[in-house]
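To keep things clear, I will list the structure first and then write my remarks on it.
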Amino acid sequence: MTPTLSIASLAPALPEIYLAAAICLVLLVDVFAGAAARRVTPTLTLLVIGVGAALTLQYAQVEKAMTLFSGMYVADPLATLLKLLTMLFVAIALLYSRHFLETRGLLKGEYYVLALTAMLGIFVIVSAGSLLTLYIGIELLSLSLYALVAFDRDSGVAAESAMKYFVLGAIASGCLLYGMSLVYGLTGTLLLNEIATALQGPPSLGLIMGVVFLVVGVAFKFGGVPFHMWVPDVYHGAPTSVTLLVATAPKIASFALAFRLLAEGLGNTADTWIQMVTIVAVLSALLGNVIAVAQTNLKRMLAYSAIGNVGFILFGFVAGTEQGYEASLYYTVVYVLMALGAFGAMLLASARGFEADEIEHYKGLHARDPFLALILMALMFSFAGVPPLVGFWAKLQIFQALWESGHLALVVFAAAVSVIGLFYYLRIVKTLYFDSPGDLPVPERHGAVRLALGLNALAVVLLGLFPQTLIELCVQALG
247 MTPTLSIASL APALPEIYLA AAICLVLLVD VFAGAAARRV TPTLTLLVIG VGAALTLQYA
307 QVEKAMTLFS GMYVADPLAT LLKLLTMLFV AIALLYSRHF LETRGLLKGE YYVLALTAML
367 GIFVIVSAGS LLTLYIGIEL LSLSLYALVA FDRDSGVAAE SAMKYFVLGA IASGCLLYGM
427 SLVYGLTGTL LLNEIATALQ GPPSLGLIMG VVFLVVGVAF KFGGVPFHMW VPDVYHGAPT
487 SVTLLVATAP KIASFALAFR LLAEGLGNTA DTWIQMVTIV AVLSALLGNV IAVAQTNLKR
547 MLAYSAIGNV GFILFGFVAG TEQGYEASLY YTVVYVLMAL GAFGAMLLAS ARGFEADEIE
607 HYKGLHARDP FLALILMALM FSFAGVPPLV GFWAKLQIFQ ALWESGHLAL VVFAAAVSVI
667 GLFYYLRIVK TLYFDSPGDL PVPERHGAVR LALGLNALAV VLLGLFPQTL IELCVQALG
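To get my numbering, take the position in the sequence shown, counting from 1, and add 246.
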């Protein structure tokens with residue numbers, strides 16, 4: 247093989263290769279540039295992400311699935327879509343975060359390097375073709391997030407949250423690794439496509455044990471009940487800019503992990519893992535929504551809301567059909583879009599010495615900042631599944647997948663917990679428009695952030711009015 251052909255054959259892996267090199271570049275610029283020049287790091291990072299998206303669109307798209315590196319790397323339309331969405335969501339999160347970091351003395355190059363490293367971990371998970379690649383991607387993402395949660399070294403709460411996250415994350419990684427070792431021992435291969443071929447017939451006791459450990463690991467990474475303990479503490483304890491990152495892009499990695507591992511690698515054992523995932527999904531949807539009702543802190547409320555939404559994402563896997571996986575992917579993307587807007591609005595409402603993380607901090611926001619109140623109202627209605635916003639279509643896709651697969655009881659259950667969710671989302675709207683603002687501060691004016699937030703909210707509305715656009719993207723990616 248000539249060198250030209252060899253280089254050309256690596257084109258599908260260009261996003262990972264480019265991003266690894268770009269991380270080194272950003273780190274070197276930050277280390278060797280002067281203090282004043284380091285302020286270009288945020289802009290450089292956004293430029294890096296933009297170039298990465300362009301390269302992915304130009305060179306890394308594939309029409310059908312193919313493998314590289316002896317089957318350890320998979321390039322397919324799903325991987326391309328998820329990588330592009332990850333770059334978009336991380337770029338928006340970093341744009342929302344800059345002023346918050348600057349006013350708190352946290353605008354450092356390491357923050358952006360860790361964000362890019364987490365993004366690289368997501369890329370590796372998305373294109374994993376073997377258990378080994380999956381595990382490397384998980385650890386790369388997890389270690390970056392641990393460091394980000396503890397990024398504010400002067401905050402004892404952040405340090406405590408990071409320690410809890412690290413310890414529980416290490417246990418979850420151990421469960422995943424043990425489950426992978428059992429599956430490898432029983433099949434003799436690490437490649438997911440070969441595992442799928444090897445697992446024919448009724449599962450052995452050893453395989454069931456392996457699947458149990460793998461489902462535990464997947465549930466932890468999603469933040470599903472009863473492996474959700476880290477979610478409210480991390481959301482609450484981390485700086486809001488970090489919470490924004492933790493709550494959004496890693497959800498794409500969690501979906502990719504579940505799809506590559508369960509749907510593709512262990513697809514022939516679906517009858518086994520669907521029972522376990524059903525329990526996690528039901529508990530997550532129920533407890534997440536019920537406990538969210540009692541929260542007075544907005545970050546903790548959104549944390550339990552996230553747990554409830556994880557239940558809905560997992561309902562797509564419970565359906566166990568192509569339609570179910572498409573609904574799960576669609577719901578994941580929609581949830582991340584809404585969470586970006588919610589935490590972005592929280593960052594905009596914050597000021598030096600004022601975190602704007604309590605629900606009471608949003609009393610009468612319509613009088614202080616009508617634009618921000620309108621955005622939050624649209625997002626809360628979408629979270630609640632009110633038509634015609636995009637959140638309604640996300641829930642409807644899950645309901646349809648469950649109905650078509652014969653899970654009628656779960657459709658009724660999911661509708662019931664959605665009604666519970668409606669209560670605490672509408673409570674936020676009531677706080678925004680019907681409570682007195684008192685002497686609460688007026689949110690600062692940041693043109694770029696307000697424009698991005700406005701476009702974010704507009705996307706929630708337009709994707710609700712024209713839902714087929716995003717639905718078709720998800721169908722094509724998994725088709």
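All C-beta atoms in this analysis are idealised placements derived from N, C-alpha and C, irrespective of residue type, glycine included. Since this is a predicted model, take the numbers as computed values, not measurements.
Item, Value
"Assign VAL308 to one of three DSSP states: helix, strand, or coil.", "coil"
"Please report the Cβ distance between GLY557 and GLY470, rounded to the nearest whole angstrom; I am assuming they are in contact, meaning their Cβ atoms lie under 8 angstroms.", "7 angstroms"
"For the segment 287 to 304 against the segment 262 to 269, are there 3 or more C-beta pairs whose distance is under 8 angstroms?", "yes"
"For PHE617, which residues from the same chain have a beta carbon less than 6 angstroms from its beta carbon, with the 5 sequence-adjacent residues on both sides left out?", "none"
"Along the chain, where does the alpha helix (DSSP H) containing MET608 start, and where does it finish?", "A small correction: the amino acid at residue 608 is Tyr; Met does not occupy that position in the sequence shown. Per DSSP, TYR608 belongs to no alpha helix (DSSP H) and is neither H nor E."
"What separation, rounded to the nearest whole angstrom, lies between the Cα atoms of LEU719 and PHE501?", "16 angstroms"
"Alpha carbon to alpha carbon, how far is VAL320 from MET247? Give it in angstroms, no decimals.", "Caution is warranted here: a pLDDT of 40 is assigned to MET247, below 50, making its placement in the model unreliable, and the coordinate value is therefore given only provisionally. Rounded to the nearest angstrom, the two C-alpha atoms are 21 angstroms apart."
"State buried or exposed for ARG344, treating a residue as buried only when at least 16 other CB atoms are found within 10 Å of its CB.", "buried"
"Could you check whether GLY351 and VAL403 sit closer than 8 angstroms to each other, using their CB atoms as the reference points?", "no"
"What first and last residue would you give for the beta strand (DSSP E) that runs through ALA597?", "Here ALA597 belongs to no beta strand (DSSP E), and DSSP marks it neither H nor E."
"Considering only DSSP beta bridges, list what LEU314 is partnered with.", "TYR319"
"Tell me, please, which residues DSSP counts as bridged to SER530.", "Per DSSP, none; premise fails for SER530."
"Is the separation between the beta-carbon of ALA396 and that of ALA493 shorter than 8 angstroms?", "no"
"Helix or strand or just coil, what does DSSP make of ALA374?", "strand"
"Just to confirm the assignment, what range does the alpha helix (DSSP H) spanning ALA509 have?", "Taken as a continuous stretch (DSSP letters only), ALA509 belongs to no alpha helix (DSSP H), as it is neither H nor E."
"Would you mind reading off the limits of the alpha helix (DSSP H) that contains HIS482?", "476 to 483"
"Who are ASN543's beta bridge partners in DSSP?", "GLU604"
"Anyone know if the C-beta pair for HIS692 and LEU594 falls short of 8 angstroms?", "yes"
"Can you tell me the Cβ-Cβ gap for TYR481 and LEU548, rounded? I've got them flagged as a contact below 8 angstroms.", "7 angstroms"
"Going by Cα to Cα distance, which pick from ALA465, TYR358, ARG546 is closest to VAL523?", "ALA465"
"So, helix, strand or coil for LEU437, using DSSP?", "strand"
"Between the Cα of LEU347 and those of TYR608, GLU601, LEU668, PRO634, spot the shortest distance and give me the residue it belongs to.", "GLU601"
"Start and end of the alpha helix (DSSP H) containing THR715?", "714 to 724"
"Just mark LEU711 as buried or exposed, buried being the case when its beta carbon has 16 or more other beta carbons within 10 Å.", "exposed"
"Report the rounded CA-to-CA distance for GLN521 versus LEU508, giving the unit in angstroms.", "12 angstroms"
"Might you give, ordered along the chain, the residues of its own chain that have their beta carbon closer than 7 angstroms to the beta carbon of TRP519, omitting 5 neighbours on each side?", "VAL457, VAL461, LEU508, LEU512"
"Let me know if PRO634 comes out buried or exposed under the rule of 16 or more other beta-carbons within 10 Å of its beta-carbon.", "exposed"
"Quick one: any contact between the segment 658 to 667 and the segment 581 to 597, if contact means 3 or more CB pairs under 8 angstroms?", "no"
"Of the choices ILE338, LEU672, THR363, whose alpha-carbon is the least far from that of LEU701?", "ILE338"
"Thinking C-alpha only, which one of ALA325, TYR342, LYS545 is nearest PHE369?", "ALA325"
"Work out the CA separation of ILE441 and TYR550 for me, nearest whole Å.", "35 angstroms"
"Answer with buried or exposed for SER427, where buried requires no fewer than 16 other C-beta atoms within 10 angstroms of its C-beta.", "exposed"
"Can the beta-carbon of LEU709 be found less than 8 angstroms from the beta-carbon of GLY590?", "no"
"Under three-state DSSP, which class holds VAL492?", "helix"
"Count the other CB atoms within 10 Å of the CB of GLN722; is the residue buried (16 or more) or exposed (fewer)?", "exposed"
"Quick one: what's got a C-beta closer than 7 angstroms to ALA588's C-beta in the same chain, skipping five residues either side?", "LEU548, LEU625"
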